[in-house]
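Trainee: Before we start, here is the structure in question, set down as structure tokens.
Protein chains in written order, with the UniProt record's numbering: chain U, 1 to 215; chain A, 1 to 215; chain C, 1 to 215.
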């Protein structure tokens, strides 16, 4: 992007909001993929899904770099530079965790994936739905305060539900899986999904702090 | 809470300090409960303690929401909004970890709880004692700088001790517990307590940063 | 250090940059030691290396306290106090993780250390090399922007490589180590090294945010 003076004073909404929304879209796409990925029945399929999710992760990296470049080239930003940076890097955490889950499924080749993995993946997808809505209204933060706050609170609600599913999965695993190595593998894989809902909640908390600061 | 203009200019000390102290009190109560919770001898008792600790966790959530509402409704805050927010959400982490420990004891039903669990719970309680003192003097930060700093440093000292106890517990566990599933369960349960002292230390670091900023 | 008025207005570069560089040097020294530490063949050697690394960790604590004191005693700081604080405490995380790895090797006494441990330790060392260079040019941030950014990006590259080595180590471990307790031990030990490269990357991200803010 050319960094001419005119450009640097261009109406400030033009640049950051579409980039942040692009990031949220990547999370939605990756969430859709991970729901299918946890249901694969052989290693080749797992490899395929991992590749597709990895593509999304790379896309997120590209967007994050663009945001970083924009922050360097723009005089007037809609929010403090640090807040935009913090927001985009925490969104990047969500996608990293989805990617890490897919990678572990491919690498560990667990014998059977439990039903809870699908439920957790669906919570990640549900979170990303609220995320994209919250990000989509950031450009009208003052008008949409109560709605954005509601989306962010839903991220907290989902995180608690995901916690419950993960914990009940663990009880079941401890009771019924006698192979301790298999216990370690599955615990690791599903943990990444539970952490993805944590990261989505963390994005919500950053947005809530921005509400406090800017509205 | 009515948000009239007069209210928004009310002496700024009135609102945030009691809420933050209320949060610290919840941590103290939950710490007292977790000491007993790690010593239960049957599942029913574990359920009882989990319920009591869960009540405290809900209380903390309510207080955190009140703090958030106050930040939105108050023009003049004693510290930057972000700092108050960061402080209350990290205190919330302490209580979440105590709650998560109690939940895991109830859910996993380990065969025997090791003596180290009691010692770790007592470190959590000791941390919460310094926490409530540090928070209690935040409203006179400039006068109490050296004392508050001392409390925060104690949080670091306790965290290191808790680390040691946790690590020696692990060696013992690795040597003497032959059931790997039991190893995973106990490691997980005690880890939450060790992390609770980490979170308390993190609160201390936030307060130390506030000292640097405001005193 | 005497806190007289003249001192507080002394050219601002004098104090923080050498302290931060001192911190980076400690990380380099500890990284050199951990490469040897993961290759010890008996418990006594492990104890020796742990002691040496622990000395470095203590040195880092001392420097961090000096930075904290300086922040309290200096009117004009080259960057915001919070940024300097954040930077030094995240550098401290790197050294804490190296120390924790050495401690676990000593405490757990695993039967055999895998080759991947050496590779991970060398990534930690490589990270610390970029770290010390990035920190070394902070005092000429505006002039060195593109070079510092490059160092920080290298920290991200190394972190991804370390991730890969750690994950392939895990697959191998899951396939070939039949003793689940040994699996838990080695997973824990090598995880600290992988996390050390995460923490080094986090330092890089803080520096990149400072570039956005100050250059």
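Ideal Cβ positions, reconstructed from N, Cα and C, are used throughout, including at glycine. No experiment lies behind these values; they were computed from the predicted model shown.
Taking the alpha helix (DSSP H) that residue 52 (chain U) belongs to, which residues open and close that run?
Mentor: From DSSP, the alpha helix (DSSP H) with residue 52 (chain U) extends over 43-73.
Trainee: Identify the continuous alpha helix (DSSP H) that holds residue 133 (chain C) and give its terminal residues.
Mentor: 115-136
Trainee: When you check each C-beta in the region 152-184 of chain A against every C-beta of chain U, which residues fall closer than 7 Å?
Mentor: 180, 181 and 184
Trainee: Rounded to the nearest angstrom, what separates residue 165 (chain A) and residue 74 (chain A) at their Cα positions?
Mentor: For residue 165 (chain A) and residue 74 (chain A), the distance between alpha carbons rounds to 44 Å.
Trainee: Which value, in whole angstroms, describes the spacing of the CA atoms of residue 24 (chain C) and residue 126 (chain U)?
Mentor: 42 Å
Trainee: If you draw a straight line from the alpha carbon of residue 213 (chain U) to that of residue 195 (chain A), how long is it in whole angstroms?
Mentor: 30 Å
Trainee: Would you verify that the beta carbon of residue 85 (chain A) is, or is not, closer than 7 Å to some beta carbon of chain E?
Mentor: The structure shown contains no chain E; the protein chains it does contain are U, A and C.
Trainee: Where does residue 17 (chain U) fall in DSSP's three states?
Mentor: If DSSP states are grouped into helix, strand and coil, residue 17 (chain U) belongs with the helices.
Trainee: Is there at least one Cβ from chain C nearer than 7 Å to residue 111 (chain A)'s Cβ?
Mentor: no
Trainee: Are residue 84 (chain C) and residue 16 (chain C) close, meaning C-beta to C-beta below 7 Å?
Mentor: yes
Trainee: Using CA atoms only, rank isn't needed, just tell me which of C:207, C:70 and C:51 is closest to residue 150 (chain C).
Mentor: C:207
Trainee: Who are the Cβ neighbours of residue 130 (chain C) in its own chain at under 6 Å, not counting the five residues just before and after it?
Mentor: Only 151, 154 and 155 meet the Cβ criterion.
Trainee: Counting only beta-carbon separations shorter than 7 Å, does residue 142 (chain U) have a partner in chain A?
Mentor: no
Trainee: Chain A beta carbons: is any one of them nearer than 7 Å to that of residue 288 (chain C)?
Mentor: As shown, chain C starts at 1 and ends at 215. That puts residue 288 (chain C) outside it, with no answer to give.
Trainee: Taking 7 Å as the CB-CB limit, is residue 125 (chain C) close to chain A?
Mentor: no
Trainee: Within 7 Å of any Cβ in chain A, is that where the Cβ of residue 97 (chain C) sits?
Mentor: no
Trainee: Would residue 81 (chain U) count as contacting chain C if we go by Cβ distances under 7 Å?
Mentor: yes
Trainee: Straight-line CA distance for residue 113 (chain C) to residue 140 (chain U)?
Mentor: 55 Å
Trainee: Under 7 Å, Cβ to Cβ, is there at least one residue of chain C near residue 186 (chain U)?
Mentor: For residue 186 (chain U), the answer is no, since every Cβ of chain C falls outside 7 Å of its Cβ.
Trainee: Specify, as a first and last residue, the run of the alpha helix (DSSP H) that residue 89 (chain C) falls within.
Mentor: For residue 89 (chain C), the enclosing alpha helix (DSSP H) has its first and last residue at 81-108.
Trainee: Mind pulling the chain C residues with CB within less than 8 Å of residue 89 (chain U)?
Mentor: 205
Trainee: Residue 146 (chain A) by DSSP, collapsed to three states: which one?
Mentor: helix
Trainee: Answer with buried or exposed for residue 18 (chain C), where buried requires no fewer than 16 other C-beta atoms within 10 angstroms of its C-beta.
Mentor: exposed
Trainee: Looking at C-alpha atoms only, which residue of C:105, C:123 and C:202 is the closest neighbour of residue 167 (chain A)?
Mentor: Among C:105, C:123 and C:202, the Cα nearest to that of residue 167 (chain A) belongs to C:105.
Trainee: Can you find a CB in chain U that lies within less than 7 Å of the CB of residue 107 (chain A)?
Mentor: Look at residue 107 (chain A): its C-beta is under 7 Å from a C-beta on chain U.
Trainee: In chain order, what residues of the same chain lie with their CB nearer than 6 Å to the CB of residue 28 (chain C), ignoring the 5 residues before and after it?
Mentor: Excluding sequence neighbours, residue 28 (chain C) sits near 128 and 132.
Trainee: If contact means a Cβ-Cβ distance below 9 Å, which residues of the region 36-57 of chain U contact chain A?
Mentor: Going along the region 36-57 of chain U in chain order, one finds no residue with a Cβ nearer than 9 Å to chain A.
Trainee: Check each candidate in A:215, A:65 and A:38 and name the one with the smallest Cα separation from residue 53 (chain A).
Mentor: A:38
Trainee: Between residue 189 (chain U) and residue 121 (chain U), which are expected to be in contact by the criterion C-beta below 8 Å, what is the C-beta distance as a whole number of angstroms?
Mentor: Separation of the CB atoms of residue 189 (chain U) and residue 121 (chain U) is rounded to 11 Å, and the pair is thereby denied contact status at 8 Å.
Trainee: To which residues of the same chain is residue 197 (chain U) closer than 7 Å at the C-beta, ignoring the five residues directly before and after it?
Mentor: Excluding residues up to 5 positions away in sequence, 123, 124, 127, 158, 159 and 162 lie with their Cβ nearer than 7 Å to the Cβ of residue 197 (chain U) in the same chain.
Trainee: Residues in its own chain within less than 6 Å of residue 177 (chain A) by CB, not counting five upstream and five downstream?
Mentor: 183
Trainee: In chain order, what residues of the same chain have a beta carbon less than 6 Å from the beta carbon of residue 20 (chain C), not counting five sequence neighbours either side?
Mentor: 135
Trainee: Residue 208 (chain U) CB to nearest chain C CB: under 7 Å?
Mentor: no
Trainee: Just to confirm the assignment, what range does the alpha helix (DSSP H) spanning residue 111 (chain U) have?
Mentor: Note, residue 111 (chain U): premise wrong, no alpha helix (DSSP H); not H, not E.
Trainee: Note down the Cα distance separating residue 119 (chain C) from residue 57 (chain A), rounded to an integer number of angstroms.
Mentor: 43 Å
Trainee: Excluding the 5 residues flanking residue 89 (chain U) on each side, which residues of the same chain have their C-beta closer than 8 Å to its C-beta?
Mentor: Closer than 8 Å at Cβ, skipping near neighbours: 64.
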